[in-house]
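Student: Got a structure here, written out as structure tokens. Questions coming.
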Amino acid sequence: MKINIRKTLPILIPILTFMLFGYTGGKMTKKSKNELSTEELLSKMTLDEKIGQMLQVDSDALDTPEDIKTYCIGSILSGGNSEIEDVSPQGWANFYDKLQSYAVQTRLKIPIIYGIDAVHGHNNVKGAVIFPHNIGLGCTNNPSLVEKACKVIAEEIAGTGIDWTFAPCVAVPQNERWGRTYEGFGEDPELVKELSEAAVKGFQGKDLSKPASVLACAKHFLGDGGTTNGTDQGNTKCDESTLRKIHLAGYISAIKAGVGSIMVSYSSWNGQKMHSNKYLLTDLLKGELGFKGFLVSDWAAIDQLSPDFKKDIEMSINAGLDMVMVPNGSKSKNNYKEFITYMKELVGEGKIPITRIDDAVGRILKVKFDMNLFNHPFADKSLTAKIGSKAHREVARECVRQSLVLLKNDNSTLPVSKRVKKLFVAGKGADNIGMQCGGWTISWQGEMGQVTTGGTTILQAIKNTVSKNTDVKYSLDGSGSEGSDLAVVVVGETPYAEMKGDREELNLSDEDIKLVEKVKQTGIPTVVVLLSGRPMIIDKALLNADAFVAAWLPGTEAEGITDVIFGDYNFAGKLSHSWPKNMEQVPINLNDKNYDPLFKYGFGLKYDHLKAKVLKH
Ligand code: BGC
Ligand code: BGC
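Residue numbering for the sequence shown follows numbering that gives the first Met the number 0, starting at 0 and increasing by one per position.
Written as structure tokens, this is what we have:
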């Protein structure tokens with residue numbers, strides 16, 4: 000019998016290896032090779048180099064980029080307000096490469112891992128696609144769509160070189176007064192559980208080492224959405240079983256999906272700050288739940304532990320924190336150079352055991368290996384060109400379509416015919432991309448008007464959709480609606496983010512209520528579209544509206560709205576929050592005693608297919 004060596008060798012080698020070494024239990028996989036490298040690398044590192052890996056500095060705070068090399072800084076972030084000169088995709092990619100070039104010049108050539116708050120798209124980049132904020136994605140109740148969305152976002156992030164997004168926010172907001180309500184998927188832990196897993200899979204892909212995968216970060220651990228009165232960074236008062244039942248859901252599923260990092264919350268649990276809670280950070284997360292990634296602190300959050308920065312470092316690292324976000328430069332208090340000095344002292348004084356340092360650094364290095372950063376430290380420019388592409392926008396548009404919740408539709412006011420003769424459009428949200436996007440868009444708090452991002456406003460989307468013969472008239476304040484066939488009035492909240500978005504009252508503004516009333520009084524059918532980061536108290540506007548759509552903070556692709564209101568698609572969204580009748584009812588959540596909201600959790604009307612013949616889908 001003739002044996003063809005060329006053909007049989009590929010088959011023979013694994014068999015011979017197996018015979019020689021026995022079953023390796025999958026030990027020859029990339030992972031264990033990495034673990035080995037992590038240990039090898041760790042054993043070569045000095046204390047200074049290890050401390051550097053545990054440090055994350057803001058790009059704005061670096062005294063000089065040389066410091067990345069000098070101090071072997073392990074991570075850089077760009078916060079919501081951090082300015083870089085050129086925020087185009089190429090500008091970001093160049094900026095990333097420049098900072099990375101210092102890291103790869105260090106003795107051990109350990110690359111930095113660069114993080115950013117891409118929380119609804121790569122939202123600090125001009126021309127990136129901005130997706131609906133999570134509250135809207137929650138209303139889609141569609142895990143495969145959320146996974147698809149996060150995959151697109153990952154590709155856009157990777158196109159700028161950036162490795163890591165501080166997302167998904169897996170908070171379970173229990174009180175709509177909280178200004179970060181929109182960052183969570185919804186009030187129900189089950190929904191958060193499902194969508195968090197989907198988001199992590201989307202960001203990280205099947206394999207973190209692939210160029211288009213980015214590291215995800217489930218945040219903010221634990222109980223950020225449960226604070227008394229919905230106060231940002233406040234105190235969550237409840238027993239442990241409630242804490243677990245409501246707030247742990249997203250972490251369990253994110254860990255199951257392999258999330259590589261988790262961010263600790265500013266908030267406290269029963270009076271103790273999360274950043275010093277060893278039981279929850281170490282025993283629960285790393286022990287019981289088997290979390291193998293690393294824990295990063297929130298923005299200067301350890302500074303809140305005590306008046307003494309050195310003590311803050313000691314408490315948080317010993318509680319289980321692995322990487323510390325020290326966003327401040329040497330001109331401010333508690334800056335990254337002090338961090339380095341204090342860390343060295345604490346190890347020297349035996350206050351932080353070296354085993355703790357090795358655990359932290361090992362976790363960080365393992366993620367860097369898993370991401371293949373050592374072999375590919377620089378931006379993959381082939382992905383840069385895809386940022387803001389039509390294909391990406393289509394996915395966001397689909398998310399918008401599925402996120403809209405129809406709350407009222409008297410006399411089948413919707414869908415609107417594309418051949419309507421005279422269409423009237425009004426309200427501050429109608430032609431305002433900034434308001435559509437909300438906070439965390441180009442700047443930290445977001446802003447009204449033409450923010451530095453492309454996209455389509457609702458008014459533009461309407462004009463792109465109606466027939467040639469339709470006369471579209473727009474007026475900000477609602478004057479001149481007389482004689483129109485139908486009005487679309489876009490009202491709601493102006494942009495805000497953490498800290499500044501907390502509200503005692505969630506009433507729609509007087510200005511908005513009066514606007515809806517004024518338009519309605521001219522006797523034309525009135526469709527209200529609400530842009531908001533949470534349910535609002537809408538009673539009067541709802542009464543005056545013939546149809547009412549909760550559109551949340553849809554982002555740049557407003558054609559997802561016109562797809563549905565002009566009947567090409569049906570409504571699919573279901574409320575991810577119970578909708579209160581009045582402020583006395585807030586907080587109101589599914590499973591409350593005497594649950595009697597204006598609209599229940601999961602509510603959402605649809606067109607009747609038989610009547611709405613215009614529907615194409
Ligand atoms: C926020 C985080 C965010 C971080 C970095 C903090 O203030 O709470 O959600 O990831 O800043 O920008
Ligand atoms: C940063 C944000 C951060 C916030 C916290 C801002 O200046 O840009 O990213 O979350 O400060 O206070």
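Positions of the beta carbon are idealized from the N, C-alpha and C atoms, including for glycine.
#1: Taking the alpha helix (DSSP H) that Ser100 belongs to, which residues open and close that run?
#2: What did DSSP end up calling His274 once you bin it into helix, strand or coil?
#3: Kindly provide the ranges of any alpha helix (DSSP H) runs that are 4 or more residues long and lie completely inside the stretch 431 to 506, ordered along the chain.
#4: I need the straight-line Cα distance from Leu405 to Gln444, nearest angstrom please.
#5: How far does the alpha helix (DSSP H) with Ser252 in it extend, from its first residue to its last?
#6: Express the C-alpha separation of Thr159 and Trp91 in angstroms, rounding to a whole number.
#7: Quick one: does Ser87 have its CB under 8 Å from some CB of chain C?
#8: Could you check what DSSP says for Thr340 in three-state terms: helix, strand or coil?
#9: Does the structure place the stretch 570 to 578 close enough to the stretch 394 to 410 that three or more beta carbon pairs sit under 8 Å?
#10: Taking the alpha carbon of His375 as the reference point, which residue from Thr230, Val518, Asp591 and Val103 has its own alpha carbon closest?
#11: Indicate whether Tyr101 and Asp162 have their beta-carbon atoms separated by less than 8 Å.
#12: Residues in its own chain within less than 6 Å of Lys605 by CB, not counting five upstream and five downstream?
#13: DSSP three-state call for Cys149: helix, strand or coil?
#14: Can you tell me the Cα-Cα spacing of Ile312 and Asp501, whole angstroms?
#15: List the whole-angstrom C-beta distance separating Ser483 from Leu422, where the pair is believed to meet the contact cut-off of C-beta under 8 Å.
#16: Taking one C-beta from the stretch 514 to 530 and one from the stretch 363 to 383 each time, how about it: are there three or more such pairs within less than 8 Å?
#17: Please return the same chain residues whose Cβ sits closer than 7 Å to the Cβ of Ile356, not counting the five positions on each side in sequence.
#18: Using only the heavy atoms of ligand 2, determine whether one of them is closer than 7 Å to the beta carbon of Ser81.
#19: What did DSSP end up calling Thr677 once you bin it into helix, strand or coil?
#20: Considering only heavy atoms of ligand 2, does any lie closer than 7 Å to the CB of Glu497?
#21: Under three-state DSSP, which class holds Glu69?
#22: On the three-state DSSP scale, how would you describe Ser411?
#23: Between the beta-carbon of Ser266 and the beta-carbon of Gly233, is there less than 8 Å?
#24: Would you say the beta carbon of Gly78 is closer than 7 Å to some non-hydrogen atom of ligand 2?
#25: Let me confirm a value: Ala550 is counted as buried when at least 16 other C-beta atoms fall within 10 Å, else exposed. Which label applies?
#26: Is any heavy atom in ligand 1 found nearer than 7 Å to the beta carbon of Tyr265?
#27: What beta strand (DSSP E) runs, 3 residues minimum, are completely inside the stretch 540 to 604?
#28: Quick check: what's the CA-CA separation for Ala217 versus Lys427?
#29: If you compare alpha carbons, which of Val171, Leu280, Lys97 and Ala546 is closest to Glu625?
#30: Pro579 to Met498, Cα distance in whole Å?
#31: Are the stretch 300 to 316 and the stretch 252 to 261 in contact at 8 Å, needing three or more beta carbon pairs?
#32: Under a three-way DSSP split, which group does Ser266 fall into?
#33: Helix, strand or coil, according to DSSP, for Asp282 in the structure here?
#34: Please confirm whether Asn588 and Gln173 have their CB atoms less than 8 Å apart.
#35: Give me the Cα-Cα distance between Gly601 and Gly453, rounded to the nearest whole angstrom.
#36: When every heavy atom of ligand 1 is checked, does at least one fall within less than 7 Å of the C-beta of Lys218?
Tutor: Concretely, from the data shown:
#1: Looking at the DSSP string, the run of the alpha helix (DSSP H) that includes Ser100 is Pro88 to Ala102.
#2: When DSSP states are grouped into helix, strand and coil, His274 belongs to the helix group.
#3: List check, alpha helix (DSSP H) in window: 432 to 436 and 457 to 464.
#4: Between Leu405 and Gln444, the C-alpha separation is close to 28 Å.
#5: Ala248 to Lys255 is the span of the alpha helix (DSSP H), which, as asked, contains Ser252.
#6: Whole-angstrom Cα-Cα distance: 5 Å.
#7: The displayed structure is made up of one protein chain only, and chain C is not part of it.
#8: In the structure shown, Thr340 sits in a helix (DSSP, three-state: H, G or I).
#9: Verdict: yes, contact present.
#10: Ranked by Cα distance from His375, the options Thr230, Val518, Asp591 and Val103 are led by Val103.
#11: Tyr101 is not a Cβ neighbour of Asp162, given a cutoff of 8 Å.
#12: Cβ within range, chain order: Asn569 and Phe570.
#13: Secondary structure at Cys149: helix, using DSSP grouped into helix, strand and coil.
#14: Each residue's CA atom was taken as its position, placing Ile312 and Asp501 some 29 Å apart.
#15: Between Ser483 and Leu422, the beta carbon gap of about 7 Å places them in contact (Cβ cut-off 8 Å).
#16: Contact annotation: the stretch 514 to 530 does not touch the stretch 363 to 383, with fewer than three C-beta pairs closer than 8 Å.
#17: Excluding residues within five positions, the ones whose Cβ falls inside 7 Å are Lys49 and Val346.
#18: Correct: Ser81 has its Cβ closer than 7 Å to ligand 2.
#19: Beyond the ends of the chain as shown, which are 0 and 616, falls residue 677; an answer cannot be given.
#20: Answer for Glu497: yes, Cβ within range of ligand 2.
#21: Looking at the sequence shown, residue 69 is not Glu but Thr. Note: Thr69 maps to helix in three-state DSSP.
#22: Reduced to three states, the DSSP call for Ser411 is helix.
#23: Yes, they are a contact pair.
#24: Taken from the Cβ of Gly78, at least one heavy atom of ligand 2 lies inside 7 Å.
#25: Buried is the call here.
#26: Proximity of the beta carbon of Tyr265 to ligand 1 is indicated: a heavy atom of the ligand is located closer than 7 Å.
#27: Those beta strand (DSSP E) runs which fall completely within the stretch 540 to 604 and span 3+ residues are 546 to 549.
#28: For Ala217 and Lys427, the distance between alpha carbons rounds to 34 Å.
#29: Here the chain comprises residues numbered 0 to 616, so residue 625 is not present and cannot be evaluated.
#30: The alpha-carbon atoms of Pro579 and Met498 are separated by roughly 23 Å.
#31: Cβ pair count under 8 Å is below three, so no.
#32: It is coil, neither helix nor strand.
#33: Three-state DSSP puts Asp282 in a helix.
#34: Yes, these two residues count as a Cβ contact at 8 Å.
#35: Answer to the nearest angstrom: the Cα atoms are 32 Å apart.
#36: Indeed, a heavy atom of ligand 1 lies less than 7 Å from the Cβ.
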